[in-house]
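Read through the structure below, which is laid out as structure tokens, and then see the notes.
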Amino acid sequence: MHMQPELLQEARRQAEICNACRYCEGYCSVFPALHAERAFADGDLTQLANLCHNCRGCYYACQYTAPHEFALNLPAALAEVRQDSWQAHAWPRGFARLFDRAGLAMMVLLVLGFAGLFALSQMLRPESGHGFYAYMSHGVMVAIFVPAFFLPLCALAVSLRAFWRTVGGGAVTLSALVQALQSAGQMRNLKGGHGDGCNFEAEDRFSHARRHCHQAVLVGFLLCFAATGSATLMHYLFGLEAPYGPLSLPKLLGVPGGILLCCGAAGMVWLKLRADRTLGAVAYWGGEMAFVLLLFLVAASGLVLWAATGTSAVAVLLPLHLGAVLSFFLLTPYSKMAHGFYRMAALLRDALRKDPGMR
Amino acid sequence: MLKRNEQYDVVVIGGGNAALCAAMTAARTGARVLILESAPKAYRGGNSRHTRNFRCMHGGPLGPLVESYSEEEYFADLMKVTGGKTDEHLARLAIRSSEECLPWMIEHGVRFQPSLSGTLSLARTNAFFLGGGKSLVNAYYRTAARLGVEVQYEAEVTHLELDGNRVAHIDYRKDGQARRVTPSSVVVASGGFQADTDWLARAWGPAAKNFLIRGTPYNRGLVLADLLEQGVEQVGDPTQCHAVAIDGRAPKFDGGIVTRLDCVPFSIVVNKDAERFYDEGEDVWPKRYAIWGRLVAAQPDQVGYVIIDAKSLNLFMPSVFPPIAANTLEELADKMGLPPAKLRATVEGFNAACGDTSAFHPTELDGVTTQGLTPPKTNWARPISEPPFYGYSLRTGVTFTYLGLKVDEKAQCSIHDTKINNLWAAGETMAGSILGQGYLAGFGMTIGTVFGRIAGKEAAAHAYAT
Ligand SMILES: Cc1cc2nc3c(=O)[nH]c(=O)nc-3n(C[C@H](O)[C@H](O)[C@H](O)COP(=O)(O)OP(=O)(O)OC[C@H]3O[C@@H](n4cnc5c(N)ncnc54)[C@H](O)[C@@H]3O)c2cc1C
Ligand code: SF4
Ligand code: SF4
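Chains as they are written, first to last, in my numbering: chain A, 16 to 374; chain B, 26 to 491.
Following this line, the structure appears as structure tokens:
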């Protein structure tokens, strides 16, 4: 695994200053983990970087930020290492470059996906079929989306295995897993240690805006996912085919999920526009923004598609929505979406560090 | 400009903890308050931005504080470090008020955290700010803004015009221009004078030019000098300061907490001639780092060199700069600019005087001492024998000066034995009224908070009365 030495060195320099200071100990799980070390190996820094969620509390609290000669900017230093670590662990290797051009990759995939699916739906238009299946048969959808879903997950699994070795994770315990899931589920760290939230969009003012937006995105995403899952079950187990009525399980889950995801993503865009870019990985700002916009598109096109059921607009909306979903799935290991997986791994690693049974 | 300025009820000079406490308190009564802070926004907050905790009396568990810490115990701790040179009345006032300060601080935006790793000994007595002093300062500026306090940065006060027993106006510089403001009341909270090394040198002699200043470069004592020159009552003398031994590679100003070095008890310390000069193991480091500031100041070129070996490297808190490392003592001496043969002789002499080290205990006075050595090392005396050898340089780091304005329990200043009608002082600039010498960790913020609040309240009340 080759990570960029100058990024690691800069993070190391800053971590050593923090280790002598410790004032930020209570903000998040980065600091207790940091203070448990005396020297920082590359793997340690990679772990710290993935524990950090860029809340910036430690930046605005730091007495050593520029113009001070120590020039502390821990959120940025860790963001650079974090981004680099995803890239270094990406698999297959050749796809790592996608991170550098995330925005472009999403656009291209989106256009190709839309065009391809549109052409497909025109050419292979089923003889019969209701609703969406009037445009594309169930079989074709499955043939495209099952691999598009599972292949990226397999790629991620390979990456995460390598990541786990880098950060020195060992055997996983159940209690550590439970702990890690709990802190991820509550986004405990985004509360900023004192429960006032983080500093993101308005300098040193604390707010819960980012946590709430992120929570909306996550819950919205999971609801949409559950909607798809429930539809699949209904299709195969009960032979109930789409379209489903407004009071069916897929709709009850999917509509609120889509709305939440839209709102959360829109909020994220707004926050990102207001926040200081130099406290993150500057070169990847555009790619992250593109990712949030793609999320928004997935949700919004899904909602519009639902509203347009039965109209001729479906001919265009369906490929658009499916194209967005396809781009989103395919880029999961090589876009901001990967952060969720790496972050879970880092939380798990941290829970193991604290697990008395493991010492 | 002048017209508009005349509308201020209270002008607070300084932008650190004491100033902000005064400003918020005054503003809460409805007063129009202006803060004049000489630093730019990025460096606002003086020494307060470097702090980490405040010492607080409490009758039972309070916020982050465990158990209890009574007035008597607090006062006794204070008397120990000041050798009795304490104004009992004002000290007890500060101690007693500290308990109500903690909830007040929370209410004004400060957040606390459990005592930091490595500082367990303070968990009962000192409440730690989450994020440290800069986050406290940030929170106070936000609250102050909400309360309508105006702030001017890069506004350096140069002169307070005294007209009998009242301040007539304040002169300050901003954007290269001389400005004037004529408020009803004035609170001085502009810290000590330690950043003016010429002033330090006048008091200490030329050696002071080699001192490092741990905190802000903006506390140059301009207002203090101006007031003392006009006969405002002073307390303390300019040689009194809190100075500790810190890493000699620290920046001249603003190095803050990270430049501290906790390895002296496990070391030998030599001067530039490679000679030892004091018992490195006299007591645990938190009780000794202040006297080492003075010890180092008395050595040639005001510098010391700490020498440890491999077995001690992990016994103390990490510090900001890595040690200088070498496989032989000669190589280390070379790298540190010490006479190699002399350093070897000193280390060998020390090693020969070490006895049984089996009782060595890094966190307790273990009585592992040297025999027949001058000066002796009376605890933690283990031979310096395991390469690699490590070295740090030590210099005197000044935290703050004690010379200040004399105030009463209302934080009010006097001139020729009469009160100055509209002048109050808070924080470091009047701390000498309470402490004659010595220092107790976390008491600086207590003084600033308690007397800042008193000064703000009195200043606002005066403004309404006139
Ligand atoms: C590294 C370090 C760590 C410390 N840690 C602690 C701790 O943990 N707990 C504790 O209790 N104490 C600590 N202290 C001591 C503590 O910093 C002081 O006691 C306290 O901050 C004093 O507050 P103050 O408001 O009086 O002064 P400061 O916070 O120093 O504020 C003085 C202000 O006045 C401004 N000023 C100066 N001259 C002028 C002028 N002419 N015109 C306008 N403005 C001016 C300055 O810019 C500054 O904003 C520490 C000190 C240092 C250096
Ligand atoms: S970010 Fe700054 S204040 Fe926080 S621990 Fe690091 S050096 Fe200290
Ligand atoms: S940015 Fe937030 S999460 Fe990251 S290290 Fe700083 S305080 Fe922790």
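Quick reminder that beta carbons are idealized off the backbone N, C-alpha and C, glycines included.
All of these numbers come straight from a predicted model, not from anything done at the bench.
Closer than 7 Å: residue i CB and nearest ligand 3 heavy atom
| i | result |
| --- | --- |
| Gly302 of chain A | no |
| Arg368 of chain A | no |
| Arg97 of chain A | no |
| Gly212 of chain A | no |
| Asn204 of chain A | yes |
Any non-hydrogen atom of ligand 2 closer than 7 Å to residue i Cβ
| i | result |
| --- | --- |
| Gly477 of chain B | no |
| Cys43 of chain A | no |
| Leu87 of chain A | yes |
| Tyr38 of chain A | yes |
| Tyr68 of chain B | no |
| Gln78 of chain A | yes |
| Ile60 of chain B | no |
| Ile157 of chain B | The amino acid occupying residue 157 of chain B in the given sequence is Gly; Ile does not appear at that position. Flag set: Cβ of Gly157 of chain B near ligand 2. |
| Cys70 of chain A | no |
| Ile32 of chain A | yes |
Anticipated Cβ contact below 8 Å, residue i with residue j, distance rounded
| i | j | result |
| --- | --- | --- |
| Thr454 of chain B | Ser215 of chain B | 6 Å |
| Ala169 of chain B | Leu45 of chain B | 6 Å |
| Tyr75 of chain A | Asn78 of chain B | About 19 Å; that fails the 8 Å criterion. |
| Thr471 of chain B | Arg80 of chain B | 5 Å |
| Ile445 of chain B | Val257 of chain B | 7 Å |
| Asn65 of chain A | Tyr357 of chain A | 5 Å |
| Gly318 of chain B | Gly422 of chain B | 7 Å |
Residue from the options with nearest C-alpha to residue i
| i | options | result |
| --- | --- | --- |
| Asn190 of chain B | B:Thr150, B:Leu225, B:His75, B:Trp449 | B:Trp449 |
| Gly380 of chain B | B:Pro408, B:Gln259, B:Asp304 | B:Pro408 |
| Val96 of chain A | A:Val155, A:Gly302, A:Arg27 | A:Arg27 |
| Thr76 of chain B | B:Gly473, B:Ala480, B:Tyr489 | B:Gly473 |
| Tyr415 of chain B | B:Thr54, B:Phe468, B:Met361 | B:Met361 |
| Glu355 of chain B | B:Ile349, B:Tyr489, B:Arg369 | B:Arg369 |
| Arg149 of chain B | B:Phe302, B:Gly157, B:Gly156, B:Gln138 | B:Gln138 |
| Tyr349 of chain A | A:Ala130, A:Gln102, A:Cys73 | A:Gln102 |
| Gln327 of chain B | B:Gln437, B:Thr403, B:Ser418 | B:Ser418 |
| Glu124 of chain B | B:Gly397, B:Pro89, B:Gly134, B:Lys105 | B:Pro89 |
| His184 of chain B | B:Tyr178, B:Asn151, B:Ala250 | B:Ala250 |
| Leu238 of chain A | A:Lys266, A:Glu256, A:Ala224 | A:Lys266 |
| Pro413 of chain B | B:Ala351, B:Ile459, B:Pro242 | B:Ala351 |
| Gly217 of chain B | B:Ala480, B:Ala456, B:Gln462 | B:Ala456 |
| Ala163 of chain A | A:Leu124, A:Phe133, A:Tyr150, A:Ala199 | A:Leu124 |
| Leu465 of chain B | B:Pro276, B:Glu434, B:Leu103 | B:Leu103 |
| Gly280 of chain B | B:Ser344, B:Ala490, B:Leu172 | B:Ser344 |
| Leu127 of chain B | B:Ala484, B:His487, B:Arg245, B:Val475 | B:Val475 |
| Asp391 of chain B | B:Trp405, B:Pro400, B:Tyr99 | B:Trp405 |
beta-carbon residue i near ligand 1 non-hydrogen atom, thresh 7 Å
| i | result |
| --- | --- |
| Val212 of chain B | no |
| Ser493 of chain B | No statement about residue 493 of chain B is possible, as the shown extent of chain B runs from 26 to 491 and does not include it. |
| Arg364 of chain A | no |
| Asn163 of chain B | no |
| Tyr178 of chain B | no |
| Ala44 of chain B | yes |
Cβ neighbour criterion (16 or more within 10 Å) applied to residue i
| i | result |
| --- | --- |
| Tyr33 of chain B | buried |
| Ala116 of chain B | buried |
| Ser146 of chain B | exposed |
| Val193 of chain A | exposed |
| Trp285 of chain A | exposed |
| Cys169 of chain A | exposed |
| Arg136 of chain B | buried |
| Leu294 of chain A | buried |
| Gly39 of chain B | buried |
| Phe253 of chain A | exposed |
| Lys482 of chain B | buried |
| Ala152 of chain B | buried |
| Gly55 of chain B | exposed |
In DSSP terms, what residue i is bridged to
| i | result |
| --- | --- |
| Tyr94 of chain B | B:His83 |
| Lys199 of chain B | B:Ala180, B:Gln202 |
| Trp449 of chain B | B:Val212, B:Gln437 |
| Arg407 of chain B | Answer is none; Arg407 of chain B lacks a bridge partner. |
| Gly422 of chain B | B:Leu237, B:Val269 |
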